[in-house]
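S.K.: Okay, here's the structure, questions in a sec.
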Amino acid sequence: MKEIVVIAEHRRGEIRDITWEMLSKGRQLAESAGADLSVALLGKGVNHLAEALKPKAKRVFLIEDERLEFYNSEAYERALTQLITERKPFLTLIGHTATGMDFAPSLATHLKLPLATDCVGIDLEGETFSLTRQLYGGKVNATVSFVKQGPYMMTVRPGAFPVLEKDPLAGEIVSLSSPLTDEDLAKRFLEYVEAAAGEVDITQADILVAVGRGIKEAENIPMVKELAEALGGVLACSRPVVDKKWLPKGCQVGTSGKTVKPKVYIAIGISGAFQHVAGMKGAATVIAINKDPKAPIFSVAQYGIVADLFKIVPVLKEKIKELRR
Amino acid sequence: MNIIVCIKRVPETTDADVFIDKSGKDIDKSGLVFDLNEWDSYAIEEAILLKEKLGGTVTVISMGGEDSNESLRKCLAMGADDAIRLTDPAFQGSDGFATAKVLAEAIRKIPYDLILTGTQAEDDGYGQVGVVLAELLGILHAALVNHIEVQDKKVKAHRELEGGLEEVVEIDLPAVLTIQTGINEPRYVSIMGIRKVAKKEIKTFRASDLNLKADEVGLSGSDTRLEKVFLPPVGEGAEILEGKPEELALKVFDILKDKGGLS
Numbered sequence: 392m393k394e395i396v397v398i399a400e401h402r403r404g405e406i407r408d409i410t411w412e413m414l415s416k417g418r419q420l421a422e423s424a425g426a427d428l429s430v431a432l433l434g435k436g437v438n439h440l441a442e443a444l445k446p447k448a449k450r451v452f453l454i455e456d457e458r459l460e461f462y463n464s465e466a467y468e469r470a471l472t473q474l475i476t477e478r479k480p481f482l483t484l485i486g487h488t489a490t491g492m493d494f495a496p497s498l499a500t501h502l503k504l505p506l507a508t509d510c511v512g513i514d515l516e517g518e519t520f521s522l523t524r525q526l527y528g529g530k531v532n533a534t535v536s537f538v539k540q541g542p543y544m545m546t547v548r549p550g551a552f553p554v555l556e557k558d559p560l561a562g563e564i565v566s567l568s569s570p571l572t573d574e575d576l577a578k579r580f581l582e583y584v585e586a587a588a589g590e591v592d593i594t595q596a597d598i599l600v601a602v603g604r605g606i607k608e609a610e611n612i613p614m615v616k617e618l619a620e621a622l623g624g625v626l627a628c629s630r631p632v633v634d635k636k637w638l639p640k641g642c643q644v645g646t647s648g649k650t651v652k653p654k655v656y657i658a659i660g661i662s663g664a665f666q667h668v669a670g671m672k673g674a675a676t677v678i679a680i681n682k683d684p685k686a687p688i689f690s691v692a693q694y695g696i697v698a699d700l701f702k703i704v705p706v707l708k709e710k711i712k713e714l715r716r
Numbered sequence: 204m205n206i207i208v209c210i211k212r213v214p215e216t217t218d219a220d221v222f223i224d225k226s227g228k229d230i231d232k233s234g235l236v237f238d239l240n241e242w243d244s245y246a247i248e249e250a251i252l253l254k255e256k257l258g259g260t261v262t263v264i265s266m267g268g269e270d271s272n273e274s275l276r277k278c279l280a281m282g283a284d285d286a287i288r289l290t291d292p293a294f295q296g297s298d299g300f301a302t303a304k305v306l307a308e309a310i311r312k313i314p315y316d317l318i319l320t321g322t323q324a325e326d327d328g329y330g331q332v333g334v335v336l337a338e339l340l341g342i343l344h345a346a347l348v349n350h351i352e353v354q355d356k357k358v359k360a361h362r363e364l365e366g367g368l369e370e371v372v373e374i375d376l377p378a379v380l381t382i383q384t385g386i387n388e389p390r391y392v393s394i395m396g397i398r399k400v401a402k403k404e405i406k407t408f409r410a411s412d413l414n415l416k417a418d419e420v421g422l423s424g425s426d427t428r429l430e431k432v433f434l435p436p437v438g439e440g441a442e443i444l445e446g447k448p449e450e451l452a453l454k455v456f457d458i459l460k461d462k463g464g465l466s
């Protein structure tokens, strides 16, 4: 029987959303290919997570080892090499996340499996995969195929596939012995570090005014901050502003920053890269100000203003101050 | 501490209007400005900061045509010691995996303690080259690194995870680290700085110099093939507000009153 294996991602005792997304897509692919869907879970003391995965797959391969307590690419590579060599799944799905990006490319190379990264679309016709990836920061999509014969490996973009409700599968937990030996690992997990908390908690604000790359210079940030203050809102930003050290990490909305759900989110000079959108798509109302009418942020926003932010933001600030007086 | 940095020259598309070219397999790059890949600018800066602190050399490598010299020279002007360009018609069509193979063969010729790459490239966004490279060289790696401390024969690296969390790992050297944006503040390079390195030799290696056969690289040596590109489907989209700035301000105020509880 052909098999698709999803590599479960979990951290600090919780299964991460990407796992459910991959299991949902994996189930659809397995059904169309007449294949079994299995999931592999690596960790220590994670039996409760294995139980949670049971309804979503035919088998839950469980590898427990104290060296797998915290994610480690070296330990993952050894454990998964054994699993994939034994099971020979025709497709292995891994998240295109901070974890998956760290082990999928080396694992695929080690196993000599063709790898397609950051897939946002996966179609299967007969034995042939047709994949969708994004290029140039999401400005264009590409249809991609494999040059070589399978079995295949793919990394899947978080949020690209919805989690569909389906009848539960009678999953069976299959415990496998860990191939890790006493030999020292050359890579060692030390600790987690939390980003320093900001002065203001942007996750609690009703109105967020977020500024992006379009602000051009650090000197222009106060203009947006004043608008936020005039609205009684809080200033936030996208990644480039933090990378340039113009605002602290605690202000950042997106995958590697905070996830926010304000009543109103005003995006100023933010193009709307998927990493940013992932952090703000829960906002009830989104107003976007951007000079590029093709900016992806306008697909997320309910209201858009196509204009130069430097012309619109100062007027907006003055007018709102006046109206609120 | 001898450090190798792998870099790429890419078109700047963030603020550009992008069109599909006649082949249907790429964008029309004729009107675009090219620069060093953003992630790579942080990688080269980090290498130079380490060199300034610990001594040693920085060698910068790029796979690409003669145009890539521009980005290699920028890295030399920033403080890299040597530059190498890997170029051959056979490299055309290489995906992330094939690119890593070419880089690995060149790197085998050079002594190194640490290899830095950008986490991903702005154009094809594979996010895999550095990690594949490590495996091909038989050394360890850490991806998405946003802080580095070198300690004797090992390195302590912070990896950027989701939600503001970081993971601290310790790795024995030599190793590959893929660098995330924001790790440092890449230094500015003046035109004078570029001029100073204009005459500096950039070594080139071809497939035969690297003992690579034509079918090991390019499209035939790749895992994936790009069939076509297309503009992403546009969602329902925003209601576009029109008018003079004052009128727009009124409209925004009304929306905020209605949806945001603004009084």
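As given, the protein sequences belong to chains D and U, one line each in that order. Residues in the first sequence are numbered from 392 upward in steps of one, following our numbering. Residues in the second sequence are numbered from 204 upward in steps of one, following our numbering. No residue lacks a Cβ here, since even glycine has one placed at the ideal position from N, Cα and C. Everything numeric in this text was worked out from a predicted model, so none of it was measured.
What does D/K530 reach in chain U if we use C-beta pairs closer than 7 angstroms?
M.R.: The answer, in chain order, is T216, V221.
S.K.: Please confirm whether D/F701 has its beta-carbon closer than 8 angstroms to some beta-carbon of chain U.
M.R.: No, because no Cβ of chain U sits closer than 8 angstroms to the Cβ of D/F701.
S.K.: Starting from D/S536, follow its DSSP beta bridges and name the residues at the other end.
M.R.: Answer is U/R428, bridged to D/S536.
S.K.: For U/I470, list the residues DSSP reports as bridge partners.
M.R.: Examination of residue 470 of chain U is not possible in this model, given that chain U is present from 204 through 466 alone.
S.K.: Going along chain U, which residues have a C-beta under 9 angstroms from D/S536?
M.R.: Residues of chain U passing the Cβ test: T427, R428, L429, E430.
S.K.: So U/D243 and U/G328 are in contact, right, with Cβ under 8 angstroms, and what is the actual spacing, rounded?
M.R.: With a Cβ gap of about 13 angstroms, U/D243 and U/G328 do not count as contacting.
S.K.: Quick one, which residues of the region 284 to 308 of chain U are near chain D if we go by CB-CB under 9 angstroms, in chain order?
M.R.: Result list: D298, G299, F300, A303.
S.K.: Closer than 8 angstroms, CB to CB, is U/I374 near chain D or not?
M.R.: Yes - at least one Cβ of chain D is within 8 angstroms of the one on U/I374.
S.K.: For U/S411, which three-state DSSP category applies?
M.R.: DSSP places U/S411 in helix when its eight states are reduced to three.
S.K.: What's the call for U/F222, buried or exposed, on a 16-neighbour Cβ count within 10 Å?
M.R.: When all chains shown are included, U/F222 counts as exposed.
S.K.: For a test of the three-state rule: what should DSSP assign to D/N438, helix, strand or coil?
M.R.: Correct three-state label for D/N438: helix.
S.K.: For the region 224 to 250 of chain U, list every residue whose C-beta sits within 9 angstroms of some C-beta in chain D, in sequence order.
M.R.: Residues K228, D229, I230, E241, Y245.
S.K.: My output table needs one value for D/H487: the three-state DSSP class, helix, strand or coil.
M.R.: Coil at D/H487, not helix or strand.
S.K.: Bridge partners of D/I598, per DSSP?
M.R.: Answer is D/V655, bridged to D/I598.
S.K.: Going along the chain, which residues of the region 645 to 656 of chain D sit with their C-beta nearer than 9 angstroms to a C-beta in chain U?
M.R.: Per Cβ criterion, the list reads T646, S647, G648, K649, T650, P653, K654, V655.
S.K.: What is the residue span of the beta strand (DSSP E) that U/E445 lies within?
M.R.: It is not in any beta strand (DSSP E) - U/E445 carries neither H nor E in the DSSP assignment.
S.K.: Throw me the rounded Cβ distance for the U/T290 and U/R409 pair, which I believe falls under 8 angstroms.
M.R.: Their Cβ separation, rounded to whole angstroms, is 7 angstroms, which keeps U/T290 and U/R409 in contact under 8 angstroms.
S.K.: What residues match up with D/L428 in a beta bridge as DSSP calls it?
M.R.: DSSP lists D/I395 as partners of D/L428.
S.K.: Which value, in whole angstroms, describes the spacing of the CA atoms of U/E241 and D/E608?
M.R.: Cα to Cα, U/E241 sits roughly 17 angstroms from D/E608.
S.K.: Return the residues of the region 689 to 700 of chain D that lie within a Cβ-Cβ distance of less than 9 angstroms from chain U, sorted by chain order.
M.R.: Listed by position along the chain: F689, S690, V691, A692, Q693, Y694, G695, I696, V697, A698.
S.K.: Taking just the CA atoms, how far does D/I395 sit from D/Y694?
M.R.: Cα to Cα, D/Y694 sits roughly 42 angstroms from D/I395.
S.K.: Output yes if chain D places a C-beta closer than 8 angstroms to the C-beta of U/Y315; else output no.
M.R.: U/Y315 does not count as touching chain D.
S.K.: What are the residues that DSSP puts in a beta bridge with D/C510?
M.R.: For D/C510, which the question treats as bridged, DSSP gives the partners D/V547.
S.K.: Give the secondary structure of D/I678 by DSSP, where H, G and I count as helix, E and B as strand, and everything else as coil.
M.R.: Note: D/I678 maps to strand in three-state DSSP.
S.K.: In the DSSP assignment, find the unbroken beta strand (DSSP E) run with D/F580 in it and report its ends.
M.R.: Run containing D/F580: 578 to 585, per the beta strand (DSSP E) assignment.
S.K.: Beta-carbon separation of D/V655 and D/A627 under 8 angstroms?
M.R.: Against a cut-off of 8 angstroms, the Cβ pair of D/A627 and D/V655 comes out as no contact.
S.K.: Please classify D/F385 as buried or exposed, where buried requires at least 16 other C-beta atoms within 10 Å of its C-beta.
M.R.: Chain D is shown only over 392 to 716; residue 385 of chain D falls outside these bounds and no answer can be derived.
S.K.: Would U/K454 and U/L444 be called neighbours here (beta carbons separated by less than 8 angstroms)?
M.R.: Their beta carbons are under 8 angstroms apart, which means U/K454 touches U/L444 by this criterion.
S.K.: Counting only beta-carbon atoms, is U/Y380 nearer than 8 angstroms to chain D?
M.R.: Reading off the sequence shown, one finds Leu at residue 380 of chain U, where the question assumed Tyr. False, the Cβ-Cβ gap to chain D never drops below 8 angstroms.
S.K.: In the DSSP assignment, what are the bridge partners of U/V358?
M.R.: Answer is U/V353, U/I374, bridged to U/V358.
S.K.: What does a CB cutoff of less than 7 angstroms around D/P687 pick up in its chain, not counting 5 residues either side in sequence?
M.R.: For D/P687, where only same-chain residues beyond five positions count, the Cβ hits under 7 angstroms are G529, S662, G663.
S.K.: Could you give the first and the last residue of the continuous alpha helix (DSSP H) run that contains D/Y527?
M.R.: No alpha helix (DSSP H) contains D/Y527, which DSSP labels as neither H nor E.
S.K.: Are the CB atoms of D/G603 and D/V632 nearer to each other than 8 angstroms?
M.R.: Yes. Within cutoff.
S.K.: Which residues of chain U have a Cβ atom closer than 8 angstroms to the Cβ of D/K539, listed in chain order?
M.R.: Those within 8 angstroms of D/K539 in chain U are D426.
S.K.: If contact means a Cβ-Cβ distance below 7 angstroms, which residues of the region 398 to 420 of chain U contact chain D?
M.R.: If the cut-off is 7 angstroms between Cβ atoms, the region 398 to 420 of chain U has nothing near chain D.
S.K.: Going along chain D, which residues have a C-beta under 7 angstroms from U/D326?
M.R.: The answer, in chain order, is L526, Y527.
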